[in-house]
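When the letters of the sequence shown are read in order and numbered with this note's numbering, they come out as residues 1 to 388.
Think of the CB as a built atom: it goes at the ideal place given N, C-alpha and C, for glycine as much as any other residue.
Treat the numbers as computed from the prediction; the structure is a model and nothing was measured.
Structure first, commentary second.
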Amino acid sequence: MTQVAFSESEERQALRREVARLASRYGREWFTEKARAGEKTTELWLEIGKLGYLGINIPEEYGGGGGGIGDIAAVCEELAAQGCPLLLMVVSPAICGTIISRYGTEEQKRRWLPGICDGTGTMAFAITEPDAGTNTHNITTTARRDGDEWVLNGRKIYISGVDEADHVLVVARAEDARTGKVKPVLVVVPTDAAGFEARPIPMEIVSLELQFQVFLDDVRLPADAVVGDEDGGLVQLFAGLNPERIMAASFSTGLARFALGRAAAYAREREVFQGPIGGHQAIAHPLAQSHIEIEMARLMTQKAAALYDAGDDMASGEAANMAKYAAAEAACDAADRAVQTHGGNGITQEYGMAGLLVATRAGRIAPVSREMILNYVAMHSLGLPKSY
Numbered sequence: 001m002t003q004v005a006f007s008e009s010e011e012r013q014a015l016r017r018e019v020a021r022l023a024s025r026y027g028r029e030w031f032t033e034k035a036r037a038g039e040k041t042t043e044l045w046l047e048i049g050k051l052g053y054l055g056i057n058i059p060e061e062y063g064g065g066g067g068g069i070g071d072i073a074a075v076c077e078e079l080a081a082q083g084c085p086l087l088l089m090v091v092s093p094a095i096c097g098t099i100i101s102r103y104g105t106e107e108q109k110r111r112w113l114p115g116i117c118d119g120t121g122t123m124a125f126a127i128t129e130p131d132a133g134t135n136t137h138n139i140t141t142t143a144r145r146d147g148d149e150w151v152l153n154g155r156k157i158y159i160s161g162v163d164e165a166d167h168v169l170v171v172a173r174a175e176d177a178r179t180g181k182v183k184p185v186l187v188v189v190p191t192d193a194a195g196f197e198a199r200p201i202p203m204e205i206v207s208l209e210l211q212f213q214v215f216l217d218d219v220r221l222p223a224d225a226v227v228g229d230e231d232g233g234l235v236q237l238f239a240g241l242n243p244e245r246i247m248a249a250s251f252s253t254g255l256a257r258f259a260l261g262r263a264a265a266y267a268r269e270r271e272v273f274q275g276p277i278g279g280h281q282a283i284a285h286p287l288a289q290s291h292i293e294i295e296m297a298r299l300m301t302q303k304a305a306a307l308y309d310a311g312d313d314m315a316s317g318e319a320a321n322m323a324k325y326a327a328a329e330a331a332c333d334a335a336d337r338a339v340q341t342h343g344g345n346g347i348t349q350e351y352g353m354a355g356l357l358v359a360t361r362a363g364r365i366a367p368v369s370r371e372m373i374l375n376y377v378a379m380h381s382l383g384l385p386k387s388y
């Protein structure tokens, strides 16, 4: 088959097929039952780890597949497209795995990456704070040197999956002894460390991954808990944020594909006025529009991943933000149209559509709000004055 520039490689397409086949054995009903019962998807998580999909973006010498962010994004999308979205894929292999792979010491890589790859050492990520929101410059969690140790104090909010993680990669601020200026540092904190406390936040969303408030009260850590160079925190932090946006886009397009697939199937089968309702343009056109929007978002996501894997951080930053925006919008619209297509059935638990309204809506908020993406594009792509 001839390879064209705007299509994925045969290997990537084969990866998608294998992940979709695996996820289909579990399915949306299984996933929803687990979520409503307050259970976890540990068996699916460990299976994708065992098969090499979970750490596919991490170097082979540390247990990974040696692929790129485009590969792990494809895994994330196909799981979501089968109704089994795994939010911790965005966090553990894509953010934490990428940062440690690129900037960790050899000892840090050997200590943490194999567990991230096989699913037995999941790592959460903590950046958001109650009083900072999307303004990371206002982070107040501090990392202070005390002899050969670091002492962490602060508070984080909306931290995903802490109860499933052995460690959390925490973004903190430290004072530069030479300049007196504050600099960001990335510190790996064991979830069983003294002074570390996590409290679940009640959420309306139907999800396996819980959200937590995290309290850091004089948490003492050894010097090697700081990832990479303590003076390179900002560059190291952004090495994880572009993959986060690419993964969030794939998470959204996967959910959108799932919603659209269910809606189209229902529209083909449901008969009310002399034939399937999908034969009426009032039903067909919105679904066709969603298909177009999803495919455009997927294409931008693939572009962002290709740029990132090629090492073009500046261009990938713009594309990753655009992909995340487009994917979240497409997902919200697809979920809304899927509910409308189902009519009254769309708001029943039996058909499982209504829960997607909240699940997809989260994509407009996290990991960065649509408004901040518009600010980014206005300033960086269009050269308009900074508005915040």
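N-terminal and C-terminal residue of the alpha helix (DSSP H) that LYS40 is part of: Going by DSSP, LYS40 is part of no alpha helix (DSSP H) at all; its letter is neither H nor E.
On the CB-based measure, 16 or more other CB atoms within 10 Å of its CB, does TYR308 come out buried or exposed? Here TYR308 is buried: its Cβ has 16 or more other Cβ atoms, across all protein chains shown, within 10 Å.
If the criterion is Cβ atoms closer than 8 Å, does the pair ALA165 and THR141 meet it? Contact: no.
CB of LYS324 within 8 Å of CB of ALA239, strictly: Going by C-beta atoms, LYS324 is not nearer than 8 Å to ALA239.
Can you list, in chain order, the residues of its chain whose CB lies under 7 Å from that of GLU175, leaving out five sequence neighbours each side? For GLU175, same chain residues with a beta-carbon under 7 Å away, outside a window of 5 residues either side, are VAL182 in chain order.
Ignoring anything shorter than 4 residues, give me the alpha helix (DSSP H) runs that lie fully in the stretch 133-168, in order along the chain. Listed in chain order, the alpha helix (DSSP H) runs fully inside the stretch 133-168 amount to none, counting runs of at least 4 residues.
Quick check on MET123: buried or exposed, where buried means 16 or more other Cβ atoms within 10 Å of its Cβ? Around the C-beta of MET123, 16 or more other C-beta atoms lie within 10 Å, and the residue is accordingly described as buried.
Report the option in PRO184, SER207 and LEU216 whose CA atom is closest to the CA atom of GLU197. GLU197 has its Cα closest to that of LEU216, out of PRO184, SER207 and LEU216.
Quick one: residues in its chain with C-beta nearer than 8 Å to the C-beta of GLU149, no 5 flanking neighbours on either side, listed in chain order? Contacts found: ARG220, LEU221, PRO222 and ALA223.
Answer with buried or exposed for PHE6, where buried requires no fewer than 16 other C-beta atoms within 10 angstroms of its C-beta. Exposed: under 16 other Cβ atoms inside 10 Å.
Could you pull out every residue in the same chain whose Cβ sits closer than 8 Å to the Cβ of VAL206, ignoring the five residues on either side in sequence? Taking C-beta separations shorter than 8 Å and ignoring five residues to either side along the sequence, the partners of VAL206 in its chain run THR32, ALA35, ARG36, GLY355, VAL358 and ALA359, following chain order.
Can you find at least 3 beta carbon pairs, one from the stretch 86-97 and one from the stretch 118-136, that sit closer than 8 Å? The stretch 86-97 and the stretch 118-136 touch, with no fewer than 3 CB-CB distances between them shorter than 8 Å.
Do the CB positions of ILE58 and ILE116 come within less than 8 Å of each other? Against a cut-off of 8 Å, the Cβ pair of ILE116 and ILE58 comes out as a contact.
Would you give the residue range spanned by the beta strand (DSSP E) that GLN213 belongs to? Looking at the DSSP string, the run of the beta strand (DSSP E) that includes GLN213 is 211-222.
Note down the Cα distance separating SER252 from ASP146, rounded to an integer number of angstroms. So the two alpha carbons sit approximately 43 Å from each other.
TRP30 to GLY52 span [Cα, whole Å]: Their backbone Cα atoms lie some 22 Å apart in a straight line.
Are the Cβ atoms of LEU186 and LEU237 separated by less than 8 Å? In this structure, LEU186 places its C-beta atom within 8 Å of the C-beta atom of LEU237.
What are the boundary residues of the beta strand (DSSP E) that TRP183 is part of? According to the sequence shown, residue 183 is Lys rather than Trp. LYS183: member of the beta strand (DSSP E) spanning 182-190, first to last residue.
Cβ pair GLY173, PRO367 closer than 8 Å: The sequence given here has Arg at residue 173, not Gly. Not in contact: ARG173 and PRO367 (Cβ atoms no closer than 8 Å).
Around the Cβ of ALA327, are there at least 16 other Cβ atoms within 10 angstroms (buried) or fewer (exposed)? The residue in question, ALA327, is buried, as its Cβ has 16 or more Cβ neighbours within 10 Å.
ALA390 to ARG268 span [Cα, whole Å]: Since the first and last residues shown for the chain are 1 and 388, residue 390 lies out of range.
Taking C-beta to C-beta, are LEU44 and CYS84 nearer than 8 Å? LEU44 places its beta carbon less than 8 Å from that of CYS84.
Buried or exposed (CB count within 10 angstroms, at least 16 for buried), LYS386: Exposed: under 16 other Cβ atoms inside 10 Å.
If you pair each beta-carbon of the stretch 152-161 with each one of the stretch 129-141, do three or more pairs fall below 8 Å? Judged by pairs of C-beta atoms under 8 Å, the stretch 152-161 touches the stretch 129-141, as three or more such pairs exist.
Same chain, Cβ closer than 6 Å to GLU8, neighbours up to 5 away in sequence not counted: Answer for GLU8: no residue qualifies.
Report back the beta-carbon spacing between ARG270 and MET353 to the nearest angstrom; my notes put them in contact at under 8 Å. Between the beta-carbon of ARG270 and that of MET353 there is about 13 Å, and that puts the pair past the 8 Å contact cut.
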